[in-house]
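Protein chains in written order, with my numbering: chain A, 1 to 479; chain B, 1001 to 1632; chain C, 2001 to 2119; chain D, 3001 to 3506; chain E, 4001 to 4192.
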Amino acid sequence: MDFMAVQTEILILLLLLSTLVTDLAMAKGASRRPVAYLTAAGLAAILAHTCGLYHEGASPVFYMGLFLADNYALFFKQLFLLGMVFTVLFSLDYVERCLPHPGEFYSLLLSALLGMCVMASANDFLTAFTGLELMTVSFYILVGFRLSSADSGEAAVKYLIVGAGSTAVMLYGISLVYGAGGSLDFAAVSRNVHLFTAVGLAGVVLVMAGFLFKLSAIPFHMWAPDVYQGAPTPVTALLAMASKAAGIAVFMRVIFTAFPYLGEFMLPLLKTIAALSMIGGNLLAIRQTDVKRMLAYSSIAQAGYMMAGIVAADYFGMKAAMFYAMLYVFANIGAFAVLSVVDAERGGTSRRHVTGLSQAAPMLAAVMTISLLSMAGIPPTAGFAGKIYIFTATVERGNLWLAVIGFVMSMISVYYYLQVTKAMYRDLEPGEETLAEPLPVPSVARAAALVSAAATLAIGICPESLAVLTNFASQTFMQ
Amino acid sequence: MFDFALTHAWLIPLLPALAFLIIGLGTRRDKDASAKIAITFSGLSFLLALGVLGAVITRPIVMADPFVMKTLWAKVGDIELSMGVLVDPLTAMMLFVVTTVALLVQIYSVGYMAHDPGAGRFFAFLSLFAASMLGLVLSVNFMQMYAFWELVGLCSYLLIGFYYYKDSAREAAKKAFITTRIGDFGMLLGILLVQLTFGTMDFVELKTLLPTYIWETGGGILTIIALLLFIGPIGKSGQFPLHVWLPDAMEGPTPVSALIHAATMVVAGVYLVGRAYFLFSALPVVLEVIAWVGGFTAFFAATIAVTQRPFKRILAYSTISQLGYMMLALGVGSLTASMFHLMTHAFFKALLFLCAGAVIEAMHEEADIFKMGGLRERMPVTFRCMAIGVLAIAGVPPLAGFFSKDAILAAAAEVSLPLYLLATATAFLTAFYMARLLFVAFFGEVKPDCPAQETNAWMRWPLVILAALSVVSGAWGHFAGFGEWIFYGPVGEEHIDWLIAGTSVALTAVAFYLAYEIYVMKRWSAYEISRRLGVLYRLSYNKYYVDEFYTVIRNTFVDKLGAVLYWFDLHVVDGVVNGLARFTGGLSGVLGLAENGQVQRYVAVFYCGVIALTAYSLLIAAMLLAVVGGAF
Amino acid sequence: MMDPFSLTFMDVFRFATHIGLAHFLLLAAVLFAIGLFGLLTRRGLIPALMCVELMLNAVNLNLVAFNRYLPMPDLSGQLMALFSIAVGAAEVAVGVALAFRVYRDRATVNLDDLDHLKG
Amino acid sequence: MDFPLLSTVLLAPLAAALAICLLPRESRDQIRMIAAGTMTLATVLTLYAYAAYDTVEGGMQFTEEVPWITDLGVTYALGVDGISLPMLLLTDVIGLASVFSSWNIEKRTKDFFVLLMVLIAGVTGTFIARDLFIFLLCYEVVVIPIYIMVLIWGSTKRVPKEYAGIKLTIFLLMGSAFMLVGVVSLYIAAGGDSFGMEALAAAGQSGVLDENFQIFAFLLLLLGFGSLLSMFPFHSWSPDGYAGAPSAVSMIHAGVLKKIGGYGLIRLGLLVLPLGAKFWAPLIAALAMVNVLYAAYIAMVQKDLKYIIGYSSVSHMGYVLLGFAALNAVSITGAIANMVAHGIMASLFFSQIGYIYERTHLRSVPELAGLAHHLPRLTVGFMLAGLASVGLPGLIEFVPEFTIFVGTLSVYPVCAFLAIAGIIFTALYILRMLAKVLFGPRVERFAGVPDEQGADLVPLLLLGVFLVGFGLFPELLMGVIRSGVTPLEPLLAQLSAAPAMLGGGF
Amino acid sequence: MNDLLSLVHSLVNGGMDMAVEMGAPDLILAGIFYALAGVAVLSAVGVVLCRNVVHSALLLTASFIGTGCLYIYLDADFMGAVQFLVYGGAVAILIVMALMLTRRDDMDHSNPSRGLFHQVGAAVVAGGFLLTMGLAALLSPFREAPASPGDSAAGLADLMLTKYVLPFEVAAILLLIAMIGAIILAKGADEA
């Protein structure tokens, strides 16, 4: 057993335990900021540490090839860490004001992170499943964490019910794949010809359904809007970026290592689902007035874009999907950092609440706009480069229609993103003057938002910086 | 001296242009300085034109061998658009006429505009017009001609609308521009086709290319080209049916009417046909069309002029009528007669208009001739000049009109009897309405409240000079051999057909007599006559309802159609756009209904997806099984 | 592959009396479907959780049966089932806690009353 | 490497935007000065480039090249040739004019100039990019600032400004979506290793892209560039958009942004997909003809000044399209020249309308009258723009229009004939408008309206100089364009034999 | 507890051994299977149909026990034990307690169902799932080759501490987190 392969997870676990202990050691009623700083510092340190783990050649393996610490996993872990660090930072104020048990909040964040990291590295169904469940259960709790809000509880219940249904399906699928493949190891399963039986194929699609639930791809998306809307804003952010990315990470690994020979079978399905997600997500978002809910639908569409990258089913497609997942993190950090501040200050996230933001906090309005434009894929934000990567890969594989849908829908998406921009920038009507009064913005949140916007622009203008990393990571499957 | 003038002929239009710039950018607020600048530059231009005339007379520059200078203006693809000067006797004559009239009118305007605060602007526009007109005259190719053609149109527009605060002037200017624009459209098409057919628009080159072309391919397309080209002159020279703008153009200041709408710009159409006569004369069909359009216009306008009351309007219809004459002359193949008439007409019509200006100014803007009367005594100089003008246009020998009109009648008679008869009838009518004008305005009793006084010196002297020119130019031209100088084809022999001349003189005399009896002696009541003529009178008085016809056309085919298309744009083109947007929004709403907040619905949908996926996988599995059989 | 139209009574009888993998798979499917039906129809949160447990239980049966009837090298199927039990328990725990939480907010734990978030 | 002139021109507005961001809201004067100074610098540099451009040599000059995104084959490649140089000049001149047109904006001045600078930088980038990726990037950059500017500083007339803004934005973006698909498939089909325009053009002309593909890809591009160029029936965003936008935006939009459509059609459509261009040309010609007449007719019944000019610009773009569709050196020269001409003219119009609106809050023709009495300078501006629009010689529009007509009449006789008839209708609506707004009896209501002076006069002077200068000396413009079009002649000659839809002409 | 387990084991396995000896193993095995399956399925049906939620909970336990017996039938003794303990015991108790805490009134109608329309829809969905899964099971040609896996507890322990030690740890954390979370959520409810 090579414990070096799990060093990231061990570090996270240690951090998790230290937050628990710190929280317990602190006086009741005392500010939990130290825990937050500890978490942020620890995560930043781990993030820095992981940077040194990229490697050439063979990747460290935990035991019998079951847990891979390859560049691919590393990339996603960094993505999760990044999302988590920023979320902790921009939500400092929000957590303190709106959540009753901030100490445990950070512990739960870390456990979710741990689950994601396990998922990214998992090379067998059992590990992947436990990682997934660790993340999911943590999120059930996190979603319901805002005890002062009934919506939060409702969202958690819905997430739990649908999530449990999805867990059941995924387990069913795993069981069938286990039966057909004769093993739980991805590598072993891939070699078993029985995968081509009815049970095997049914198992494969059920497993897929389980992961697609995490991606909130249509038709497995129904939970997303309600949960996103009801969850505490930082949690929504994580659901959108990290949870989804974790789903993508394990999904791609499953597809490319466990079912590498099922391409002909799965691609039509995935293409259809990608197309449905792009169309449905964007269409449904049009009518939304709550920004978080709108972002939920938009995240469905984003999942569609990423899947469009995946269905290219080659090096370029993977690279594109990973690239997109990463830039989506930055876009989400920006958007949700702003929403967190707005939510904390104005007590809501509907369009009404962001009205006049361009005067109350011009910087936030600008960051929000940039982030939304990145999601829409408008240059010079990162989203544009991401879409070019994705749809270049898609077209290269002959799926022009998917690219048409993708581009057209992303332009439709501009409509609803701009509705938010409009609310922020429009002239205030009589009676709304108070909305123009300067909004106190916590400096850390401001910094986080600025950094994310800067990163979005930087990646947009110079995508190479990120592309190098994704190239490196996606070579994993080419070896 | 003459050489200098010839090689610097390009300065002739540029000098007034310079004046325009100086006035426009600098002195437009200073009336006197503007006038001085304008007149100075016009004068220089006039001197140069005289020099060119001298050069043409003294040097062997004839119609067949013009002096050409040109420079590249723009090059597009392999097409070179050039600007330059082409000097031949025709040009020289036109230069002389234009610069003379322009100079005189500018001098006259000093007096006329003495009390107008916009005089600076007026002189600027006049200078611009002179520049454009001279540029047009000097054109080396169709493109240049078209360019300056448009520019004179612009100046006409600006000057008709000079009193921009008057609604009528504003409308008249607009009408003038748009009506001539219709002609320009045809002409532009013609020019483009010339370029496409011959690969050049240069007059000299075309002249050499044309015979070969006709020899090789016949005249079919050329006829179309020529007819299209002729649409331009129809608009610009006020030929039927695009003549409607010219009477309205009298809304402009009277010097403008004299210069632009009588002497120079309106003859640009005639000049164009003359310039491109090598083309038109080669196409008999086209010539016939030109002749008939000209002849009809001449007669048609004359019948209208008979019943009009405003001073300048009568002159305007008279101008149309005379332009018809010129066209007629071209149509019957006599470039010489046409150009001769063009020259004499320029002088006597400018004279008439300037007189009209003097009278109207003296009458404090009263234009109706029936409100005048007895001006003979109040304004003796003006009366004498006016009388010379009337006699000249009526063709009373030995004034200018007699010679040029006789030449046209003779040419028409050679070609076609109906045209000759039409022209003769026109001559009679012309004499009648001009006599009517003269008698009504200047004879009879002075009206009690008549404010008229003799005009000032600035206005008087140009009248005198023009009157002199009106007297001598015909005879001078006739005896100095105009026909040997400006001609196309074989040189026409200079003679006077005494039968034709006699007839027309006799008719003129009759017309004068009738007018005298009716309007001076009041032997017959004009009112009674008009009542007797009934429909005919009303038709004539209302200008045959051509304007009304156009109004209907415009309302129906422009404004109504525009409104219909706008409706189409808003409700169909934009409707589709908005409809798509609404449809998308609606779809969003409908799809959103699925999200009803019921978590069990969510689970159900999830499982529906699962079932669909599974069913698909079963299908594939069954197919695989069918293929592979029990190989597992 | 069985051809459903050429099945004789004996075939059916033989299938019914020789318990094998297929029986367990079918049983699991039935249990799962019952659980699913319950999940979709029970109004209460707690009964719905119970139904989820039924479904997970059905899956475990699958895993164990595969492990038993097919030549698996080790007991990973059972282990998977074990983990699934653990996960199921955790989910139930959280679900029950959520039930308290929701009951406090809304004074009901009926799923169909939880429709404040929608659209 | 020499002084990076084009980079400076491109980045100066961005730098200005950043600098303005850092200034406090209240220092309006500094903000304006920075914007004006930057644009003056850019204009001077561009004028220098224009003067220094070697028309004999031709081709891309002032080139800069830095590898950018290696795995997509994107290079930061800038350069100008005879086609893009006039466009660049147009951009900077109009940009400078628009800064002065916006001189009196007091509401959220800082935001306005930041967005304006970004907008100008974006447009500049599209014209000097030699890499398709950069072209697309810059093109889409401009849409969003426009939206925000319409939203904040726009005006609600027939339609709410919010509607106008979103319609414009979504319309253009939908067009660009198809364009993006086209570009991506083009990139893949050409080998998928370079976005360089020269490389793509080489692929397109050497037969790497087969005919069917070219036809398909061109259609996609046409949808994008056609909407941008307001080709019928994709034009309806344009009048509403201009009507809703503040005058600086209208100026830049009508003056330059629209031209990206025409420029793109030539640069991408023709050079990269010659067979596709040839195939669709008859359709374009027919639509162009509809554009000219249809929009002119509609302009005739408009009441709002901005709508008149909006439809007028739709109409004029018809000529550009027609020139493109004829696919010969003369007509394409005309199309390019016409874009420049219309740009100058339309932006002059919009700046003058903006001034009227700013001072009187009126834009409706029936409400305005007799402005010539009180506002002689404005009258001059209006007259210049109007007369140029009518195509008078001596003003900028004459030679380009004439050139287009020469180039197209033999190729599409019917379309060209009808389009030429458009000059009558143009005269009709322009003169009606001028007559009503400027002339007529004195109206005391406007007696207190001050005439243009100081900064307000700058757009008139600046644009007027080009309007008359290029009009009197067209070779200044045509010479440069010719150097850009001449290299196309062999390609165009080859194309004359290529198949087109509907047999090629009508 | 161990006694109970061994009792059940001896009962079931003893019956099987007896059946094998009687020469009709398949038939008897089938009988046992059907009996256990019947318990599991009928209890499950009861769970979803009972109007009283306490009955539902009890039937759920019955169903779990039936399944647990089937595990033992499948030679998965340890699994059976866990099933009894975790499901039959802990989960059921947890659920019943929850029921008691959240619903203190009349128990007779404590487990309402959705309307008929919903039921039909749910039946269609569930039936569809059953159909597809059933077909999948029937359409798959498995070559059954029961290998005797040996002592299930030892085998599982071996796997859990070697190959799957990582998921084991993760599952531990999962339970820890679930506990913390449940406490917070419930405590939060109490504090309010």
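Ideal placement from N, C-alpha and C gives every residue a C-beta, glycine not left out.
Being a predicted model, the structure only gives us computed values, none of them experimental.
Check: Do you know how far the Cα of B/Tyr1566 is from the Cα of D/Val3449?
Finding: Mapped onto the fourth sequence, residue 3449 of chain D falls at position 449. Mapped onto the second sequence, residue 1566 of chain B falls at position 566. Distance between the alpha carbons of D/Val3449 and B/Tyr1566 is about 33 angstroms.
Item checked: Nearest neighbour of A/Ile459, chosen from A/Leu47, A/Tyr417, A/Ser59, A/Met326 [CA to CA] -> Counting from 1 along the first sequence, the entry for residue 459 of chain A is found at position 459. Closest by alpha carbon: A/Met326.
Note to self: Quick check on C/Met2001: buried or exposed, where buried means 16 or more other Cβ atoms within 10 Å of its Cβ?
What the structure shows: Against the third sequence, residue 2001 of chain C aligns to sequence position 1. Only weak support is given to the placement of C/Met2001: the predicted model assigns it a pLDDT of 44, under 50, and the value that follows is read from those uncertain coordinates. Exposed, because fewer than 16 other Cβ atoms sit within 10 Å of the Cβ of C/Met2001.
Notebook entry, point to check: What's the gap between the Cα of B/Leu1283 and the Cα of B/Gly1219?
Noted result: For the purposes of this step, residue 1283 of chain B is identified with residue 283 of the second sequence, where counting begins at 1. For the purposes of this step, residue 1219 of chain B is identified with residue 219 of the second sequence, where counting begins at 1. Here the alpha carbon of B/Leu1283 sits roughly 7 angstroms from the alpha carbon of B/Gly1219.
Notebook entry, point to check: Where does D/Met3001 fall in DSSP's three states?
Noted result: Numbered from its first residue, the fourth sequence carries residue 3001 of chain D at position 1. Low confidence applies to D/Met3001: its pLDDT is 48, below 50, so where it sits in the model is not reliable, and the reading given next is rough at best. In the structure shown, D/Met3001 sits in coil (DSSP, three-state: anything other than H, G, I, E or B).
Check: For D/Trp3068, which residues of its own chain have a beta-carbon under 7 angstroms away from its beta-carbon, when the five flanking residues on both sides are left out?
Finding: As a position in the fourth sequence, residue 3068 of chain D is number 68, starting the count at 1. Excluding sequence neighbours, D/Trp3068 sits near Val3074, Thr3075, Tyr3076.
Item checked: CB-CB length for A/Ile86 against A/Ile333, believed under 8 angstroms -> Position 86 of the first sequence, counted from the first residue, corresponds to residue 86 of chain A. Position 333 of the first sequence, counted from the first residue, corresponds to residue 333 of chain A. One point to set straight first is that residue 86 of chain A is Phe, not Ile, in the sequence displayed. Rounded, the Cβ-Cβ distance is 4 angstroms, consistent with contact.
Check: Given 8 angstroms as the limit, is there contact between the region 2058-2069 of chain C and the region 117-133 of chain A, that is, 3 or more CB pairs closer than that?
Finding: no
Check: When the cut-off is 8 angstroms and only beta carbons count, does A/Arg287 lie next to chain B?
Finding: In the first sequence, counting from the first residue as 1, residue 287 of chain A sits at position 287. Closer than 8 angstroms to some Cβ of chain B, the Cβ of A/Arg287 qualifies, so yes.
Checklist line | Below-8 angstroms beta-carbon distance, B/Val1599 vs any chain C residue | finding: Looking up residue 1599 of chain B in the second sequence gives position 599. Yes, contact with chain C.
Check: Does the separation of the CB atoms of B/Ala1148 and B/Ser1132 fall below 8 angstroms?
Finding: Taking the second sequence and counting its residues from 1, the one referred to as residue 1148 of chain B is at position 148. Taking the second sequence and counting its residues from 1, the one referred to as residue 1132 of chain B is at position 132. It should be noted that the sequence gives Phe, not Ala, for residue 1148 of chain B. Taking 8 angstroms as the Cβ cut-off, B/Phe1148 and B/Ser1132 qualify as a contacting pair.
Margin query: Is the beta carbon of A/Thr289 closer than 8 angstroms to that of A/Arg351?
Written below: Counted from its first residue, the first sequence places residue 351 of chain A at position 351. Counted from its first residue, the first sequence places residue 289 of chain A at position 289. Yes, the Cβ-Cβ distance between A/Arg351 and A/Thr289 is below 8 angstroms.
Margin query: Between the region 309-326 of chain A and the region 464-474 of chain A, can you find at least three pairs of beta-carbon atoms closer than 8 angstroms?
Written below: yes
Checklist line | Local Cβ density within 10 Å of D/Asn3212, reported as buried at 16 or more and exposed below that | finding: As a first step, residue 3212 of chain D is located in the fourth sequence; it is residue number 212 there, counting from the start. Burial call: exposed.
Note to self: Determine, for C/Leu2040, whether the minimum Cβ-Cβ distance to residues of chain B falls below 8 angstroms.
What the structure shows: Sequence index remark: in the third sequence, residue 2040 of chain C carries index 40 (1-based). Taking Cβ atoms only, chain B reaches closer than 8 angstroms to C/Leu2040, which makes this a yes.
Margin query: So for D/Thr3063, helix, strand or coil by DSSP?
Written below: Working through the fourth sequence from its first residue, we reach residue 3063 of chain D at position 63. DSSP places D/Thr3063 in strand when its eight states are reduced to three.
Checklist line | Under 7 angstroms from the C-beta of B/Tyr1607: neighbouring residues of chain C | finding: Taking the second sequence and counting its residues from 1, one reaches residue 1607 of chain B at position 607. Contacts between B/Tyr1607 and chain C, judged by CB atoms closer than 7 angstroms, involve Leu2036 in chain order.
Checklist line | B/Ser1082: first and last residue of the uninterrupted beta strand (DSSP E) it sits in | finding: For the purposes of this step, residue 1082 of chain B is taken as the residue at position 82 of the second sequence. Here the beta strand (DSSP E) through B/Ser1082 covers 1079-1087.
Check: A/Asp226 CB to nearest chain C CB: under 8 angstroms?
Finding: Residue mapping note: residue 226 of chain A aligns to position 226 of the first sequence, counting from 1. By this cut-off, A/Asp226 is an interface position.
Check: So is A/Met64 buried or exposed if we call it buried at 16+ other beta carbons inside 10 Å?
Finding: Sequence index remark: in the first sequence, residue 64 of chain A carries index 64 (1-based). Counting Cβ neighbours within 10 Å, A/Met64 comes out exposed, since fewer than 16 surround it.
Check: For the region 2084-2104 of chain C, which residues have a beta carbon sitting closer than 9 angstroms to at least one beta carbon of chain E?
Finding: Ile2085, Ala2086, Val2087, Gly2088, Ala2089, Ala2090, Glu2091, Val2092, Ala2093, Val2094, Gly2095, Val2096, Ala2097, Leu2098, Ala2099, Phe2100, Arg2101, Val2102, Tyr2103, Arg2104
Note to self: Just checking: is the beta-carbon of C/Ala2048 within a distance shorter than 8 angstroms of some beta-carbon in chain A?
What the structure shows: The sequence position of residue 2048 of chain C within the third sequence is 48, counting from 1. Chain A contact via Cβ: present.
Margin query: Can you determine whether any heavy atom of the ligand GDP sits closer than 7 angstroms to the C-beta of B/Tyr1513, and answer yes or no?
Written below: Among the ligands in the structure shown, none appear at all, so the ligand GDP cannot be discussed.
Check: Taking 8 angstroms as the CB-CB limit, is C/Leu2074 close to chain B?
Finding: Your numbering for residue 2074 of chain C matches position 74 in the third sequence. Leu is not the amino acid found at residue 2074 of chain C; the sequence shown has Asp there. No Cβ of chain B is located within less than 8 angstroms of the beta carbon of C/Asp2074.
Notebook entry, point to check: For the 8 angstroms Cβ check, are there 3 or more pairs between the region 1320-1327 of chain B and the region 1297-1309 of chain B?
Noted result: Verdict: yes, contact present.
Note to self: My output table needs one value for E/Ala4192: the three-state DSSP class, helix, strand or coil.
What the structure shows: Taking the fifth sequence and counting its residues from 1, the one referred to as residue 4192 of chain E is at position 192. Summary for E/Ala4192: the model assigns pLDDT 48, below 50, so the residue's position carries little reliability; its value from the coordinates is reported in the next sentence. Of the three classes helix, strand and coil, the one that applies to E/Ala4192 here is coil, per DSSP.
Note to self: Let's test the definition: count the other Cβ atoms within 10 Å of the Cβ of E/Ala4192 and tell me whether it reaches 16, buried, or not, exposed.
What the structure shows: Working through the fifth sequence from its first residue, we reach residue 4192 of chain E at position 192. Note that E/Ala4192 scores 48 on pLDDT, short of 50, meaning its location in the model is unreliable; the coordinates nonetheless yield the value given after this. Its Cβ having fewer than 16 others within 10 Å, E/Ala4192 is exposed.
Checklist line | Backbone secondary structure at A/Asp427 - three-state DSSP | finding: As a first step, residue 427 of chain A is located in the first sequence; it is residue number 427 there, counting from the start. Of the three classes helix, strand and coil, the one that applies to A/Asp427 here is coil, per DSSP.
Notebook entry, point to check: Unbroken alpha helix (DSSP H) runs of length 4 or more, entirely within the region 4014-4094 of chain E: which are they?
Noted result: 4025-4049, 4053-4073, 4077-4082
Check: At a CB-CB cut-off below 7 angstroms, which residues of chain C make contact with A/Thr130?
Finding: The residue given as residue 130 of chain A occupies position 130 in the first sequence. Ordered by position in chain C, the residues that pass the 7 angstroms Cβ test against A/Thr130 are Phe2083.
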